[in-house]
Amino acid sequence: MTLHFTPVWFIAVPLLLAFLSPLWVRLRLLMPILLGAHVALFALALSWIPTVRVAPLLETIVIAPPLGIHLHLDAVSLLLVALFNLAGALVASFIWLSNRESHPFNAAQDRLFDSAQDRLRGRPAFILILLLIAGSSGMVLTGDLFNLYVFLEIAGVSAYALTALRRDKSALEAGLKYLIIGSVAAIFFLFAIVLLYLQTGQLNMAALARDFAGIPAPMQALIGLLMLIGLGIKAELFPFNFWVPDIYRGSDPEITALFSGVLVKAFLFVLFHLVFLLLADPTVARTWLMALGATTMLVAEAVALRQQDLRRMLAYSSLGQVGLITLALGFASEATTAGALFHMVNHTLIKLLLFLLTALMLRRFLSVRLANLQGLGRAMPLAAGLFVLGALAVLGLPPLSGFASKLWILKGFAEARVFWPIALILLAALLEAGYYFRWIKVFYAPEPPVTAGQPEGDWAYAPLLLIAGLLILLGVAPFLLEDWFVQAAKALLGRGAILESVLGVQP
Amino acid sequence: MNLIVKLLFLALSLTPAMTLLTWDGGVAWPLFGGITLLFDLNPVSGFFLLLLALGAPLVALPMLRLRSARVLDETRDEPATYALYALLLLGMQLLLLSGDFIGFFVGWEIMTWSSYLLLLRSPRTNLEGAQSYILFNLASAFLLLGGILVYYSLTGEFTIRAVAGLDTLQTLSLVTLFGLAFLIKVGTLPLHLWVPRSYDQAPDVFSAFLSALMSKMGIYALILLLTLFPEGLAGLFGQFLKGPAAGYVLAWIGVITSIVATFKAISQEDMKRLLAYSSIAQVGYIVTAIGVGSSLAIGGALFHSLVHTLVKLLLFIAIAGIVLQTGHRRFIDLGQLIGRMPISFFGVLIGIIGLAGMPPLPGFASKYLIYVSLLEAHWLLLLAAMILSSTAAFVYCYKLIYGPFLGHANSPEARVATEAPWQYLVPQIVLMGLLVALGIFPGWAIEILIDPVLTALGMTPIGAPAWGQLATAYGGYDGVVLMSVFATVFVLVTAIFFLLRGRMRQAGSPYDLSYAGEVPTAETPLHYGAGMGRELRRIPLVGWILNHSTQGFYAGLVRQIQAAAGLLSGLYSGNPQTWILLAVLIFAATLTLQSVTGA
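Residue numbers (the numbering used here), protein chains in the order written: chain E, 7 to 513; chain V, 12 to 610.
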């Protein structure tokens, strides 16, 4: 008997597991299962690459017309789903591996949950991560706006809960702030959906794309603005991203890694998916989106120069990269889009690496302020080396993968003979070098390090080394994934293909 | 274990030589999107690869003993240093071998960041030094990348080859971007801020590598830039006198760099800083020669690159040996080492003769070629300026031999120092031998090393009637004869010195009461070279130059950026109400704007 694989697995499996796992008693078996779910889904996504190349997979579960769950799996959503599950697997395995003091198969861990510090390692964290990944995958896969909103809320609520997981003052404060700003963003977005439904009577994205041109122009602008602000807050674009450093600083670095690596990418995708679908000619919004991206990038990189806390610095650096991706996607040529998708993958990997390293440093030094990390290179040579690797990759220096993706983006701009984004991107990279290398210099300062916490077991480095290996591999041989990125870019920009495939299926 | 690591490291340092000797056929590596990295060896890159192949093992040998036994430092992670050095060599080989700009850029960047990480290994490196090194070099790299992208948008490919059919604006933008990038790398004024800092603060032996080999990559790139344009620099703005007008500007940049750096070098108190400024000055000559752009000039530039590489390796390694043995770097803390470190003394002696460009060593031959090329172009003002700076260089050369070796030992360490370990001496002896051999056979260097490069660049080879002879249309000399004369004189003078030594010692005893007044004892701090160069500040123009630096400008730039960052970070407040207020305000403002403009 062959199992029938459908895109719904990417959402149903983690949701089901997440809701069932509170009932599970034997903790020892549960963790590997939760962790294994990400790995299995990642493998599943990889196995689907050849299928999706031929035609996108569609799946419609009708509840009560016009409400239904409509899923749309094409090259780009497959790429992101695979990425999200990989990120989930890496973070979950990191938490799981650093959980054990000496050996990963030592089961005496329950006593650890008592202290507030280690609440992260308990069952709720794994379940919430699963929910977060399920929500993000859903946002990427869904084909109608109502479900998009549902998944957006699933991802959002699990994110708020993850932020406040540590239950100390700063984490609770960050969680509450996140809840407030996230709800505001959701309201903006919900307004846009309501207006769209009132105007067209449709919630299916493809149908909306067909009918959007019929809406009066002022209403179009209003809807666009509402969406832009709602998604702009979530996707951390400039005038709406003031909340980011606080939340990133307040929550655990492991969790922040997921925010920067998964959530933002999902929202960026949703934003651009909607832009490319709804607007018959994406060049209408090109200037606006590119300007937004460029401002986000430059402002964030400049502000990062003065940060004294590693988590805040990484938060601003993350904003800068989001700006770069927005700039490249906003241009909407095939080369820049493919490069931007590649950069999304790279940035997710890099920020996972850097934030997880921050988690290790935090445990060892009990603080990640610049002044306290002097001489880290001697206490944690491997961590310092990996940090250097991540920094080089995020700056786009060869032979790491950040270089390949940045080069792709820049090449796209050069082909179109548009030079101002090139200048801005290079300027931003120089600013970025200004602060990353300051931290590296401090890590290798000749002063003896002052460590207070416990050294981590070596197993915690396993996922980090895997990421480092991927960064080098993708940097030296980017052609391995080239075809996938090109397909993904075509799928993201191919409005006509989506309309045809979806509306052909619909009655 | 330790020995195996060291042997492996030495073997790795021989890789450039292996590449040079065993390279056969090109290698292609597809990257993505039709970008293919092409690697192949051509005469131009072969010449610079030869420099690297010579220098890499000679620097690697003393790196095996970075710390003296006297300093009880905890063991540092030497394998990391070795790995970074190997990466650096890999990057430089990629740079030299690549036939396309992307490979070139990849090599350039690997070189930049691995050398930066090596720089951090020194306990002397401070934040300013490290930051200025990496930021200047990355600025250079990003300018280069910008230039590459402009080149790509004009030609549609990344291969390095001559481009034709560009208008002046396009050529100018290419030349500006590439030129700035490479001038930062070679460290011409006013883009040199990072050079003295990093050469000074780097691990002592690694400074030799920075000065001798990495600055040559900038020279290689500048020569490569010439090949991009079929008519060379003359195609841009036509001729000035008998040389290219665009090159005239470049030549002046080079000469001004060398004059200013020479005066700066004279006024330095620290041996490594002096050598750093002297490097800037020497590279300035090479830049001048590239500006002239004729076959003689490029030949001179190549020859001077070769000589400068050998000389700076020799000097930096010798100085590193002194620093290792005494722990002092400033002239006034040293002295009287001639008896204790005789081989290092000869190393420095040969080094400064080469550096000053005096016969019979090849420094003279290379400078002579550059002078002749300036004469040929009728750029006499430049020639005069260059001779000025070249003559002033004698002063710092003198300081370099006088300060550490002659006079009176001024620190307890200098009084008991012994000769540097063999890891430092072997490279010095090899380099001395090479310099003397090149002095005897300048024609060999021209014919075997330089002419193939000139032919590959499409220029007329200089040629030499015999291996011992250097010949140009404006005269030449015979190296064998010259060297024999000098050797004979040297032997005679030394013999007379030793014959009369007994009597001289009698006459010159420091305790001789005929000096009258206070008698300095061996313990009295005393250095005849102390404050040398201070009087230069009283010369009108030179004083002005010495009192001004670009440091203030760059520091101001950093302050401005920091202030702007501070202003912007005010936006990122911690208050959710502000966030929401801003979002709603922007929403309202945009909506109002739209309704007013009637979209």
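By construction, the Cβ of each residue, glycine as well, lies at the ideal position given by its N, Cα and C atoms.
Measuring straight from C-alpha to C-alpha, what distance separates residue i and residue j?
| i | j | result |
| --- | --- | --- |
| I504 (chain E) | A497 (chain E) | 8 Å |
| M367 (chain E) | Y467 (chain E) | 12 Å |
| T364 (chain E) | L330 (chain E) | 23 Å |
| L182 (chain E) | R292 (chain E) | 35 Å |
| L26 (chain E) | A46 (chain E) | 18 Å |
| T499 (chain V) | L437 (chain E) | 60 Å |
| F416 (chain V) | H538 (chain V) | 11 Å |
| R444 (chain E) | I473 (chain E) | 23 Å |
| E458 (chain V) | P54 (chain V) | 13 Å |
| V250 (chain E) | E242 (chain E) | 7 Å |
| L32 (chain V) | F189 (chain V) | 31 Å |
| P551 (chain V) | S56 (chain V) | 44 Å |
| V460 (chain E) | Q493 (chain E) | A small fix is needed here, since residue 460 (chain E) is Gln in this sequence, not Val. If you take the alpha carbons of Q460 (chain E) and Q493 (chain E), they lie about 47 Å apart. |
| V553 (chain V) | A292 (chain V) | 15 Å |
| P201 (chain V) | I229 (chain E) | 53 Å |
| G418 (chain E) | V68 (chain E) | 41 Å |
| I572 (chain V) | R312 (chain E) | 10 Å |
Can you list the residues of chain V that residue i reaches, using a CB-CB cut of under 8 Å?
| i | result |
| --- | --- |
| R312 (chain E) | Q573, A576, G577, S580 |
| R423 (chain E) | S164 |
| W249 (chain E) | P587, W590 |
| W294 (chain E) | Near W294 (chain E) there are no residues of chain V at all, since even the closest Cβ is about 10 Å away, more than 8 Å. |
I'd like the list of long-range same chain contacts for residue i, defined as Cβ closer than 6 Å, with 5 residues on each side in sequence excluded.
| i | result |
| --- | --- |
| S323 (chain E) | A310 |
| L333 (chain E) | M296, G299, A300, P427 |
| I234 (chain V) | none |
| K240 (chain E) | A191, F273 |
| I361 (chain V) | M443, L446 |
Please list, in chain order, all residues of the same chain as residue i whose beta carbon is under 8 Å from its beta carbon, the five residues on each side excluded.
| i | result |
| --- | --- |
| F1 (chain V) | For residue 1 (chain V) there is no data in the structure shown, the boundaries of chain V being 12 and 610. |
| S222 (chain V) | Y210, L286, A287, S290, K323, F327 |
| E421 (chain E) | S339, A341 |
| L165 (chain V) | V174, L177, Q181, L185 |
Name the chain V residues that come within less than 7 Å of residue i, Cβ to Cβ?
| i | result |
| --- | --- |
| Y450 (chain E) | L131 |
| L403 (chain E) | E120, W124 |
| G316 (chain E) | Here residue 316 (chain E) turns out to be Leu, not Gly, going by the sequence shown. Within chain V, no residue comes near L316 (chain E); the closest Cβ sits about 16 Å away, beyond 7 Å. |
| D252 (chain E) | G585 |
| I160 (chain E) | Within chain V, no residue comes near I160 (chain E); the closest Cβ sits about 22 Å away, beyond 7 Å. |
| L432 (chain E) | F153, L156, G157 |
Taking Cβ-Cβ distances shorter than 9 Å, what residues in chain V pair up with residue i?
| i | result |
| --- | --- |
| V190 (chain E) | P587, W590, I591, A594, V595 |
| R501 (chain E) | Neighbours of R501 (chain E) on chain V: none; closest Cβ ~23 Å, over 9 Å. |
Based on the DSSP output, what are the partners of residue i in its beta bridges?
| i | result |
| --- | --- |
| V68 (chain E) | E:G74 |
| Q104 (chain V) | Paired residue(s): none; Q104 (chain V) is not in a bridge. |
| L63 (chain E) | E:L79 |
| Q250 (chain V) | V:P255 |
| S617 (chain V) | In the structure displayed, chain V extends from 12 to 610; residue 617 (chain V) sits before or after that span and is not available. |
| D315 (chain E) | E:R375 |
| L481 (chain V) | V:Y488 |
| F43 (chain V) | V:I46 |
| D281 (chain V) | V:R341 |
Name, please, each residue of chain E whose Cβ falls closer than 7 Å to the Cβ of residue i.
| i | result |
| --- | --- |
| P551 (chain V) | Neighbours of P551 (chain V) on chain E: none; closest Cβ ~38 Å, over 7 Å. |
| F50 (chain V) | In chain order: nothing, as chain E lies at least about 14 Å away. |
| A150 (chain V) | L436 |
Chain E partners of residue i, CB-CB under 8 Å?
| i | result |
| --- | --- |
| G110 (chain V) | The contacting residues do not exist; G110 (chain V) stays about 16 Å from chain E at best. |
Spatial neighbours of residue i within its chain, please: CB distance less than 7 Å, with the 5 preceding and 5 following residues excluded, ordered by chain position.
| i | result |
| --- | --- |
| A150 (chain V) | I195 |
| T169 (chain E) | A177, A180, G181, Y184, I253, G256, S257, I261 |
Just to make sure I have the definition right: I need the residues of chain E whose C-beta is within less than 9 Å of the C-beta of residue i. Which are they?
| i | result |
| --- | --- |
| P415 (chain V) | Within 9 Å Cβ-Cβ: nothing; P415 (chain V) doesn't reach chain E, min ~26 Å. |
> Do three or more CB pairs link the stretch 386-404 of chain V to the stretch 321-336 of chain V at distances below 8 Å?
Replying inline: no
> Can we say the stretch 117-136 of chain V touches the stretch 209-216 of chain V, given the rule of at least three CB pairs closer than 8 Å?
Replying inline: yes
> Are three or more beta carbon pairs between the stretch 262-279 of chain V and the stretch 385-400 of chain V nearer than 8 Å?
Replying inline: yes
> Is the stretch 332-347 of chain V close to the stretch 441-455 of chain V, with three or more CB pairs under 8 Å?
Replying inline: no
> Quick one: any contact between the stretch 190-197 of chain E and the stretch 223-240 of chain E, if contact means 3 or more CB pairs under 8 Å?
Replying inline: yes
> If you pair each beta-carbon of the stretch 145-163 of chain E with each one of the stretch 208-217 of chain E, do three or more pairs fall below 8 Å?
Replying inline: yes
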